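In this note's numbering, the protein residues as written are 2 to 346.
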C-alpha cells in the first residue's frame with residue numbers, strides 16, 4: 002500500500018493531526034519531525050508550547066509547515082492570526098490524546114533498527130512511557146483514540162511491507178486487524194472507520210465498523226482515492242481523487258457512496274488534505290502544482306460552487322489540514338485528521 006502510494010513524482014511532506022479523541026502527529030516514512038500543539042487558540046502570531054489535547058482553537062485551520070523541523074500552525078479562515086507551535090520528541094512518529102484517561106498513545110522508534118512500537122504515557126514522550134504490546138512494526142501512523150477512550154486505531158506496516166488497519170485496547174493487548182488498507186479516519190461517533198484500500202479497480206475509499214465486519218467500498222472508480230475525512234455529522238466524507246483524469250481534486254460523497262460532488266476543478270493545481278468546517282459548508286485543502294511544488298493553503302465551498310481561495314502562501318506547508326469547530330471542539334467528540342508522512346504522487 003505505502004509502496005504504491007509512493008510511486009510517482011515529487012516527495013511531499015504531509016502532517017496529519019488526528020481528532021476522534023486526540024490530536025495526532027504522524028511523522029511517517031522515517032522523517033524525524035515533531036510538532037507540539039497548544040491547548041488553546043489565539044488571534045495573534047507567535048509561538049506557544051504544550052501538546053494539543055482536549056480543546057482546540059475555535060474555528061481555525063491547523064496545518065504543518067517546514068522540512069526537517071516540522072511545526073504545526075493554526076490560521077483563521079480568512080488567513081489572519083497565524084500561530085505556531087513547538088516540536089515533539091525525536092523519533093515519535095504519531096500520537097493521539099486520550100480525553101478520557103488524559104494520557105497519550107504514540108508510536109516511537111527506540112533503537113537503531115528503525116522498528117516502531119505503540120506506547121502510552123503522560124505525554125507523547127518516551128520518557129516514563131510503556132509499550133502497549135511487544136510486537137514492532139516497520140511503520141505506525143494515523144493513531145486515533147475512540148471517543149470512549151477505550152481503543153486506539155492506527156495503520157501499521159509489517160516487515161514485509163503490508164499495511165493494514167488495526168485496533169487495540171489502550172490498556173494493552175495484541176492489536177486486531179480490521180482490514181488491509183491505509184490512512185484510516187474514525188467517524189465522529191467512533192463506530193466506523195473510513196480508509197484507503199487497493200481493489201480490482203484502483204485505490205478506493207472503504208468503510209468498516211470498528212467492531213469488525215465486511216468492508217464496504219464507497220468509491221469504486223478505476224482511480225486513486227486518498228485521505229478520507231468525515232464531516233461532523235458523520236454523513237459525508239471528503240477525499241482526494243484523480244478520477245477525472247486531469248490531476249487530483251477534492252470530492253465529497255455520502256458514507257453510502259451516493260451523491261458524489263466534485264468540489265475543485267483546477268487543472269494546474271492538485272488539492273489534498275481536505276477538512277470540513279463546523280457547518281460542513283466549507284473545506285480547507287492544500288494545493289500542489291504539476292511540478293510537485295506546494296502552492297499554499299486554500300478554502301472553498303464544499304458544494305463546488307466556487308474554486309479554492311488562497312489564504313496562506315507558504316511553499317513548505319504539509320499536505321493535510323484540520324478545520325476546528327466554532328467552540329474549539331473537544332477532541333473527545335470525534336472528527337478529523339492532521340498527519341505527517343512522506344508521500345509521493
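Backbone N, C-alpha and C fix where the C-beta goes; we use that ideal spot for every residue, glycine too. On a predicted model such as this, the values are computed, not experimentally measured, just so you know.
Residue i and residue j closer than 8 angstroms at C-beta
i	j	result
residue 277	residue 230	yes
residue 137	residue 120	no
residue 225	residue 243	yes
residue 233	residue 255	no
residue 302	residue 282	yes
residue 258	residue 220	yes
residue 297	residue 66	no
residue 216	residue 198	yes
residue 223	residue 202	yes
residue 97	residue 153	yes
residue 262	residue 205	no
residue 102	residue 171	yes
Residue i, enclosing beta strand (DSSP E) - first and last residue
i	result
residue 74	72-76
residue 275	270-277
residue 313	310-313
residue 322	318-324
residue 93	93-99
residue 108	104-109
residue 290	283-290
residue 63	62-66
residue 327	Run containing residue 327: none; DSSP gives neither H nor E here.
residue 295	295-302
Beta-carbon contacts of residue i that lie in its chain and below 6 angstroms, excluding the five residues immediately before and after
i	result
residue 289	271, 295
residue 285	62, 276, 300, 322, 324
residue 90	126
residue 212	none
residue 76	62, 83, 313
residue 326	279
residue 155	141, 143, 144, 167
residue 188	231, 235
residue 132	118, 120
residue 173	133
CA nearest to the CA of residue i, picked from the options
i	options	result
residue 245	283, 266, 131, 260	266
residue 128	111, 181, 306	111
residue 1	251, 316, 274, 281	Only positions 2 to 346 of the chain appear in the structure, and residue 1 is not among them; the question remains open.
residue 79	310, 214, 143, 316	310
residue 235	208, 171, 291	208
residue 316	287, 306, 180, 326	287
residue 193	114, 132, 218, 64	218
residue 95	114, 113, 157	157
7 angstroms Cβ shell around residue i - same chain, five flanking residues per side excluded
i	result
residue 130	120, 121, 122
residue 328	59
residue 159	138, 139
residue 228	184, 240, 241, 273, 274, 321
residue 291	269
8 angstroms CB neighbourhood of residue i in its chain, flanking five on each side removed
i	result
residue 175	134, 136, 169
residue 180	165, 166, 196, 198, 207, 209, 216
Legend entry - Runs of beta strand (DSSP E) lying entirely within the region 187-258, each at least 3 residues, in chain order: Counting only unbroken stretches of 3 or more residues, the beta strand (DSSP E) elements lying wholly within the region 187-258 are 193-199, 204-210, 226-231, 237-242, 250-255, in sequence order.
Inset, instruction - Identify every run of the beta strand (DSSP E) within the region 112-177, keeping only runs that are complete inside it and at least 3 residues long; order them along the chain. - result: 118-122, 140-146, 152-158, 164-170
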